[in-house]
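Just so you know, the sequence shown maps onto residues -20 to -1, 1 to 347 in mature numbering (1 follows the signal peptide of the UniProt record, and there is no 0). The C-beta atom is built at its ideal place from N, Cα and C for all residues, glycine as well. Quick caveat: nothing in here was measured; it's all calculated off a predicted structure. So the structure is just underneath, and the comments pick up after that.
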Amino acid sequence: MRRLILIVAALTLLSLVAGCSSGSKSTRNAEYRQAGTLPPLEIPPDLTSPVVRNDTSLPEISSGQHASVTDAGGQRSAVLANKSNVEVKGRGDQRWLQIDAAPEDVWNRVRGFWLEHGFELEIDEPDIGIMETRWTDDPTDRPEGFLRKLLDRLYSASSRDKFRVRLERTDDNKTELYLTHYGVEQVVMEQQVRGNEDLVWQPRPSDPELAQEMLNRIMVSLGVDAQTSSRMLAEVEPERPQAELVKAGSELHVVVQDGFDRAWRRTGIALDRIGFVVEDRNRAEGVYFVRYVDRLADAGEKAEQGWLSKLFASDDERDSVKDGEKARVVVRGDDRETRVALQNAEGAAADPRRAEMVLERLAQQLR
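Written as structure tokens, this is what we have:
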């Protein structure tokens, strides 16, 4: 009898539990059926996905096109809509821009220009106003379209280029923009020992036309009409200021028949062109702090000679300029004439034979 009572009690308890469970499930189902549809999740504007571009080729420039840059929110805005905000300065085959904007603002836009068109930056230092792209194959020798990045690992052009931009602040808080082109090319070198041929990289002269075309594209990205920018670049005064290497006793310097302001700018361009890195500068004191760099080191697997060893080779190894060696280039002058001299890293007079090699190359660029 007692056992029967326990069985009945257990069955009763199970029935109660089952009933509660069934009621709860029915209630949840009813609530689910009555629930409305939630609105779609909205993504804040600043978190929208950027457009991914596989095409790294430079676009064609139409006469009415005003290039722009993309800000953090994905919105595109014109940089400098008025062409009067950008002026072209220079002489001969040298060109630079004077922009009516602070260097900090110009830096961001020019940096965006390189990245937007698929260039990678090897040097990106806004504190000293210098950015430099990595070596890239000649755009005219490379395939266009989305296959370009895919073929990067397999395709190697016979020439490579890089560009260096330097920004300087003027006294009235405007910006001067200087662009320099560097180029290398592959040549066949005969191996005397093995009797076969090998491909090596060697420097090729800076291409003023290529540099001017890139400067033209930067102007368009700053809001200047393409036809206007081309005309502005072509209308620069063709004459060149005179410069010569002068020896006065133990002193050696380059005399430039131009005022300090222009000679200072042109000396910076000349240093860029002959492959020196300007690590810092003090315009008030008239000093460029430079470092000699072998720019062929990262151009290819094999190089005929380093950039500096080719430009500054000497029969005496002690006179040769070494990769990574530091020095100072001193610029002194007035409104009519300027002198450029070389000092060692400590500010003392450089070795005369070494100074002659460096200043001769500077004089060639300043003539």
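_the segment 153 to 168 touching the segment 91 to 108, judged by at least three CB pairs closer than 8 Å_ = Short answer: they don't touch.
_Same chain, Cβ closer than 6 Å to Glu259, neighbours up to 5 away in sequence not counted_ = Taking the sequence shown and counting its residues from 1, the one referred to as residue 259 is at position 279. Within the same chain, Glu259 has close Cβ partners Phe269 and Arg271.
_Going by the DSSP bridge assignment, what does Gln323 pair with across the sheet?_
As a working note, residue 323 is residue 343 in the sequence shown. Beta-bridge pairing links Gln323 to Arg308 and Ala329.
*Taking 8 Å as the threshold, find out whether the segment 308 to 328 comes into contact with the segment 201 to 209 through three or more Cβ pairs.*
No, the segment 308 to 328 does not touch the segment 201 to 209.
_Tell me which residues share the same chain as Ala47 and place their Cβ nearer than 6 Å to its Cβ, disregarding the 5 neighbours each side in the sequence._
Your numbering for residue 47 matches position 67 in the sequence shown. Low confidence applies here, because Ala47 scores a pLDDT of 37, under 50, leaving its location unreliable and the question unanswered by this model.
*Would you grab the beta carbon distance between Ala82 and Thr155 for me? Rounded to a whole angstrom, and I think it's under 8 Å.*
Position 102 of the sequence shown, counted from the start, is the residue given in the question as residue 82. Position 175 of the sequence shown, counted from the start, is the residue given in the question as residue 155. That belief holds up - the Cβ atoms of Ala82 and Thr155 are roughly 7 Å apart, short of 8 Å.
_Quick check on DSSP: helix, strand or coil for Thr208?_
Reading the sequence shown from its first residue, position 228 is the one you call residue 208. Judged by DSSP in its simplified three-state form, Thr208 adopts helix.
*Measure the alpha-carbon distance for residue 351 versus Val234 and round it to whole angstroms.*
With the chain covering -20 to 347 only, the question about residue 351 has no answer from this structure.
*Ends of the beta strand (DSSP E) at Ile198?*
Residue numbering aside, residue 198 sits at position 218 when the sequence shown is read from its first letter. Taken as a continuous stretch (DSSP letters only), Ile198 belongs to no beta strand (DSSP E), being part of the alpha helix (DSSP H) at Pro188 to Ser201.
*Buried versus exposed call for Ser230 [16 or more other C-beta atoms within 10 Å across all chains shown]*: Within the sequence shown, numbered from 1, the residue matching residue 230 stands at position 250. Exposed, by the Cβ-count rule.
*In angstroms, rounded to a whole number, what distance separates the CA positions of Arg197 and Phe143?*
Indexing the sequence shown from 1 puts residue 197 at position 217. Indexing the sequence shown from 1 puts residue 143 at position 163. Each residue's alpha carbon lies about 13 Å from the other.
*Per DSSP, Trp76 is paired with what?*
The residue you call residue 76 lines up with position 96 of the sequence shown. In the DSSP output, where bridge partners are listed per residue, Trp76 has Lys69 and Tyr158.
_Endpoints, alpha helix (DSSP H) assigned at Arg245_ = By 1-based counting over the sequence shown, the position of residue 245 is 265. Counting along the chain, the unbroken alpha helix (DSSP H) around Arg245 starts and ends at Phe240 to Arg253.
_For a quick check, are the C-beta atoms of Ala330 and Leu322 less than 8 Å apart?_
Counting from 1 along the sequence shown, the entry for residue 330 is found at position 350. Counting from 1 along the sequence shown, the entry for residue 322 is found at position 342. In contact: Ala330 and Leu322 (Cβ atoms closer than 8 Å).
*If Tyr162 sits next to Asp141, beta carbons under 8 Å apart, how far is it from one beta carbon to the other, in whole angstroms?*
Position 182 of the sequence shown, counted from the first residue, corresponds to residue 162. Position 161 of the sequence shown, counted from the first residue, corresponds to residue 141. Contact between Tyr162 and Asp141 holds, with the beta-carbon distance rounding to 7 Å and staying under 8 Å.
*Do Tyr158 and Trp76 have their C-beta atoms closer together than 8 Å?*
Position 178 of the sequence shown, counted from the start, is the residue given in the question as residue 158. Position 96 of the sequence shown, counted from the start, is the residue given in the question as residue 76. In contact: Tyr158 and Trp76 (Cβ atoms closer than 8 Å).
*Nearest candidate by alpha-carbon position, reference Pro183, set Asn153, Val226, Ser138 and Leu225*: As a working mapping, residue 183 is identified with position 203 in the sequence shown. In terms of CA proximity to Pro183, Ser138 leads the group Asn153, Val226, Ser138 and Leu225.
_Can you give me the C-alpha to C-alpha distance between Trp115 and Leu190, rounded to a whole angstrom?_
Walking along the sequence shown from the start, residue 115 turns up at place 135. Walking along the sequence shown from the start, residue 190 turns up at place 210. A direct Cα-to-Cα measurement between Trp115 and Leu190 gives close to 15 Å.
_Can you list, in chain order, the residues of its chain with a C-beta nearer than 7 Å to that of Glu193? Leave out the 5 residues immediately preceding and following it._
The sequence position of residue 193 within the sequence shown is 213, counting from 1. Take Glu193, set aside five residues on each side of it, and no residue of its chain has a beta-carbon closer than 7 Å to its own.
*Taking Cβ to Cβ, would you say Thr160 is nearer than 8 Å to Ala243?*
Locating residue 160 in the sequence shown gives position 180, where the first residue counts as 1. Locating residue 243 in the sequence shown gives position 263, where the first residue counts as 1. In terms of Cβ geometry, Thr160 and Ala243 do not form a close pair [threshold 8 Å].
*Tell me where the alpha helix (DSSP H) around Val273 begins and ends.*
Numbered from 1 along the sequence shown, position 293 holds the residue referred to as residue 273. For Val273, no alpha helix (DSSP H) encloses it, and the DSSP letter there is neither H nor E.
*asked:* For Asn65 and Asp80, I'd like the C-alpha separation in whole angstroms.
replied: Indexing the sequence shown from 1 puts residue 65 at position 85. Indexing the sequence shown from 1 puts residue 80 at position 100. Approximately 5 Å between the Cα atoms of the pair.
*Work out the CA separation of Val86 and Asp238 for me, nearest whole Å.*
Counting from one through the sequence shown, the residue named residue 238 turns up at place 258. Counting from one through the sequence shown, the residue named residue 86 turns up at place 106. Put simply, the backbone Cα of Asp238 is about 28 Å away from that of Val86.
*Report the partner residues of Leu213 according to the DSSP bridge assignment.*
The residue you call residue 213 lines up with position 233 of the sequence shown. Paired residue(s): none; Leu213 is not in a bridge.
*What's the call for Glu112, buried or exposed, on a 16-neighbour Cβ count within 10 Å?*
Working through the sequence shown from its first residue, we reach residue 112 at position 132. Buried, because 16 or more other Cβ atoms sit within 10 Å of the Cβ of Glu112.
*Between which two residues does the alpha helix (DSSP H) harbouring Asn88 extend?*
As a working mapping, residue 88 is identified with position 108 in the sequence shown. It spans Pro83 to Glu96 - the alpha helix (DSSP H) in which Asn88 sits, taken as one unbroken run.
*Thinking C-beta only, is Thr247 closer than 8 Å to Val309?*
Looking up residue 309 in the sequence shown gives position 329. Looking up residue 247 in the sequence shown gives position 267. In this structure, Thr247 lies closer than 8 Å to Val309 by Cβ.
_Could you tell me the alpha carbon to alpha carbon distance between Val90 and Ala228, rounded to whole angstroms?_
Counting from 1 along the sequence shown, the entry for residue 90 is found at position 110. Counting from 1 along the sequence shown, the entry for residue 228 is found at position 248. So the two alpha carbons sit approximately 43 Å from each other.
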